[in-house]
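Below you'll find the structure, written out as structure tokens, and then a few comments.
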Amino acid sequence: CDSFPSSPFSSIFLSLFLNSGPSLLLSQFGGGPGQWARYARWAGAASSGELSFSLRTNATRALLLYLDDGGDCDFLELLLVDGRLRLRFTLSCAEPATLQLDTPVADDRWHMVLLTRDARRTALAVDGEARAAEVRSKRREMQVASDLFVGGIPPDVRLSALTLSTVKYEPPFRGLLANLKLGERPPALLGSQGLRGAAADPLCAPARNPCANGGLCTVLAPGEVGCDCSHTGFGGKFCSEGEPEGAAAGRMGAGVRGGVPPGTVRASVRGLGLRGHLRPAARARGPVRDCTGAGGCEACPCEGVWALLSRGEGAGG
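In mature numbering (1 follows the signal peptide of the UniProt record, and there is no 0), the protein residues as written are -27 to -1, 1 to 290.
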């Protein structure tokens, strides 16, 4: 079991834990004109909170998410620019902070994204690369008045109500987005246009989702859903039937290059200096624990759910 290298400039706390939800939610964004998704407000963006999701795309420029204070000063924008993630944000009309990650994500593979807000500071991580930026503002908290917009801006949102009016002209996101969470919970979808998939269909809502053991709920036809069990180690129509351990290990050890989002396990990154990747390994034989504390990797069940790769391999393996 390889651990992430420590940084002399910051402390790194890496925790791995299983997704607490019964399944993953997937949405397909076609990228057409007028596309948008509107989620309930991310209250944690004000001072301290996490937003996470997995994406798969081949688009090189697109709007991923946006929120603001209703047209005054504060905003947060996450874009795809040249096939990489770029974050811009500001508080109290200060000079906006910008950071862009090096990891290419427009490769039609699954990538896991974590956005962390902490007062004047915001951190962004994709797979194992993490960076943070800070604004020099008088105020520590971000004013959040808008809903959370994903993949596009609704046409009924006036330019005067947008702090960063140029966001309305960014290309809509094209690709797949899975397991969007604010903290530990998926946000409520308030409305959408141009989306296909589970997150846009009430049949895959948590209260009605038929998929067990972390199965991926997908819409097959109007009124009909199916379950993708390929990453769970279970089989059957609803991922509720057991199967030989070797078969599950063989499938899960193949990497995330294809159609399964790496959303059953999350990585929380505290600090900078973290460069590494997460990839599937065999099924867990014990609780997932922190490999960075006392005892190091000897204390971890490294044949468990995820192996840590310190360097050199991409998200697709």
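Glycine is no exception: its CB is placed at the ideal position from the N, C-alpha and C atoms.
My guess is that Phe211 and Gly188 are in contact by the Cβ rule of under 8 Å, so how many angstroms apart are they, rounded? Position 238 of the sequence shown, counted from the start, is the residue given in the question as residue 211. Position 215 of the sequence shown, counted from the start, is the residue given in the question as residue 188. Contact flag correct, Cβ pair sits at about 7 Å.
Secondary structure of Leu17, DSSP reduced to three states: Position 44 of the sequence shown, counting from 1, holds the residue named residue 17. Note that residue 17 is Gly in the sequence shown, not Leu. In the structure shown, Gly17 sits in a helix (DSSP, three-state: H, G or I).
Whether or not the stretch 76 to 85 and the stretch 119 to 134 are in contact is what I'm after, with contact meaning three or more pairs of Cβ atoms, one per stretch, closer than 8 Å; do they touch? no
Please check the pair Glu214 and Gly206, which I expect to be a contact at CB under 8 Å, by giving their CB distance rounded to whole angstroms. For this step, residue 214 is matched to residue 241 along the sequence shown. For this step, residue 206 is matched to residue 233 along the sequence shown. The pair is not a contact, with the Cβ atoms about 11 Å apart (cut-off 8 Å).
For the stretch 27 to 60, which segments carrying the beta strand (DSSP E) assignment without a break, of at least 3 residues, lie completely within its bounds, in sequence order? 35 to 41, 48 to 54
Pick out whichever of Leu51, Gly199, Leu40 has its Cα sitting closest to the Cα of Leu121. Taking the sequence shown and counting its residues from 1, the one referred to as residue 121 is at position 148. Of the listed residues, the one whose Cα sits closest to Leu121 is Leu40.
For Ser25, which three-state DSSP category applies? Your numbering for residue 25 matches position 52 in the sequence shown. Strand.
For Arg224, which of helix, strand or coil comes out of DSSP? Here the question's residue 224 lines up with position 251 in the sequence shown. For Arg224, the predicted model reports a pLDDT of 38, less than 50, meaning its position is unreliable and no value from the coordinates is stated.
Please say whether Leu132 and Phe2 have beta carbons closer to each other than 8 Å? Here the question's residue 2 lines up with position 29 in the sequence shown. Here the question's residue 132 lines up with position 159 in the sequence shown. No, the pair does not count as a contact, with Cβ atoms beyond the cut-off.
Thinking just about the alpha-carbon of each residue, which of Lys141, Lys154, Cys177, Cys46 is nearest to the one in Thr89? To locate residue 89, count along the sequence shown from 1; it is residue 116. Of the candidates Lys141, Lys154, Cys177, Cys46, the one whose C-alpha sits nearest the C-alpha of Thr89 is Lys154.
Since I believe Tyr12 is in contact with Pro183 (beta carbons under 8 Å), could you give me their beta-carbon distance rounded to a whole number of angstroms? Residue numbering aside, residue 183 sits at position 210 when the sequence shown is read from its first letter. Residue numbering aside, residue 12 sits at position 39 when the sequence shown is read from its first letter. The pair is not a contact, with the Cβ atoms about 23 Å apart (cut-off 8 Å).
Leu137 to Leu58 span [Cα, whole Å]: Numbered from 1 along the sequence shown, position 164 holds the residue referred to as residue 137. Numbered from 1 along the sequence shown, position 85 holds the residue referred to as residue 58. Between Leu137 and Leu58, the C-alpha separation is close to 18 Å.
How is Ala257 classed by DSSP in three states: helix, strand or coil? Position 284 of the sequence shown holds residue 257. With a pLDDT of 34 at Ala257, under the threshold of 50, the modelled position of this residue cannot be trusted; read the value that follows with caution. In this structure, Ala257 counts as coil in the three-state DSSP scheme.
So, for Asp145: in the same chain, excluding its five sequence neighbours on each side, which residues have a beta-carbon less than 6 Å away from its beta-carbon? The sequence position of residue 145 within the sequence shown is 172, counting from 1. Per the sequence shown, residue 145 should be read as Pro rather than Asp. Excluding residues within five positions, the ones whose Cβ falls inside 6 Å are Gly4, Gln8, Gly124, Gly125.
Does the beta-carbon distance from Thr71 to Ala106 come in below 8 Å? Within the sequence shown, numbered from 1, the residue matching residue 71 stands at position 98. Within the sequence shown, numbered from 1, the residue matching residue 106 stands at position 133. Cβ distance < 8 Å, so Thr71 and Ala106 count as in contact.
In the structure shown, what three-state DSSP assignment does Thr139 receive? What you label residue 139 is simply residue 166 of the sequence shown in a count that begins at 1. Note: Thr139 maps to helix in three-state DSSP.
Using only the alpha-carbon positions, how far apart do Leu(-2) and Cys190 sit? As a working mapping, residue -2 is identified with position 26 in the sequence shown. As a working mapping, residue 190 is identified with position 217 in the sequence shown. If you take the alpha carbons of Leu(-2) and Cys190, they lie about 7 Å apart.
Between Ala19 and Glu114, which are expected to be in contact by the criterion C-beta below 8 Å, what is the C-beta distance as a whole number of angstroms? Counting from one through the sequence shown, the residue named residue 19 turns up at place 46. Counting from one through the sequence shown, the residue named residue 114 turns up at place 141. Right, the Cβ-Cβ distance comes to about 5 Å (below 8 Å), so this counts as a contact.
Cys200 lies in the beta strand (DSSP E); which residues open and close that run? Walking along the sequence shown from the start, residue 200 turns up at place 227. Note, Cys200: beta strand (DSSP E), 197 to 201.
If the criterion is Cβ atoms closer than 8 Å, does the pair Arg147 and Ala35 meet it? Looking up residue 147 in the sequence shown gives position 174. Looking up residue 35 in the sequence shown gives position 62. A contact, by the Cβ cut-off of 8 Å.
Can you check which of these residues, Ala67, Val140, Cys66, Arg61, is closest to Leu49 by C-alpha distance? The residue given as residue 49 occupies position 76 in the sequence shown. Minimum Cα distance to Leu49 is reached at Arg61.
So what does DSSP say about Cys66, is it helix, strand or coil? For the purposes of this step, residue 66 is taken as residue 93 along the sequence shown, with counting starting at 1. Of the three classes helix, strand and coil, the one that applies to Cys66 here is coil, per DSSP.
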